[in-house]
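Undergrad:
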């Protein structure tokens with residue numbers, strides 16, 4: 076479990092760096108469908124990892140049981156599906172199928 080917690084911390088740092096790079100690209104070159112998709116996916120992953128980080132922290136402090144830890148890992152899956160539907164169904168309309 077300590078390995079998982081360490082990997083979550085490291086991945087949060089890497090993901091935050093990627094988010095900064097994406098925001099820089101927005102400011103330099105503007106909006107594009109690809110940048111919107113990548114930004115949304117990275118924000119989703121960042122939120123999921125943040126939730127896992129908090130849950131693991133509470134698990135180590137003995138505030139939560141292992142069952143809640145497993146739920147935190149899988150409860151975000153519908154959000155990934157919703158983002159995929161948004162990308163497939165809505166984003167082409169917003170960007171006029173560019």
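Numbering (the working numbering), first residue to last: 76 to 173. Think of the CB as a built atom: it goes at the ideal place given N, C-alpha and C, for glycine as much as any other residue.
1. Pick out whichever of 107, 133 and 158 has its Cα sitting closest to the Cα of residue 116.
2. Are the region 113-131 and the region 85-92 touching by the rule of at least three beta carbon pairs closer than 8 Å?
3. Under DSSP, the alpha helix (DSSP H) around residue 110 begins and ends at which residues?
4. Grouping DSSP H, G and I as helix and E and B as strand, with all else coil, what is residue 138?
5. Whose C-beta lies closer than 8 Å to the C-beta of residue 139 among residues of the same chain, with five residues either side of it excluded?
TA: On the basis of the coordinates in this document:
1. The residue labelled residue 116 in the question sits at position 41 within the chain shown. Residue 158 is the option with its Cα nearest to residue 116.
2. yes
3. If you number the chain shown from 1, residue 110 lands on position 35. Segment 108-135, the alpha helix (DSSP H) holding residue 110.
4. Taking the chain shown and counting its residues from 1, the one referred to as residue 138 is at position 63. Looking at residue 138 - three-state DSSP - the assignment turns out to be coil, as it is neither helix nor strand.
5. Taking the chain shown and counting its residues from 1, one reaches residue 139 at position 64. Once the five neighbours on either side are set aside, the close Cβ partners of residue 139 are 130 and 133.
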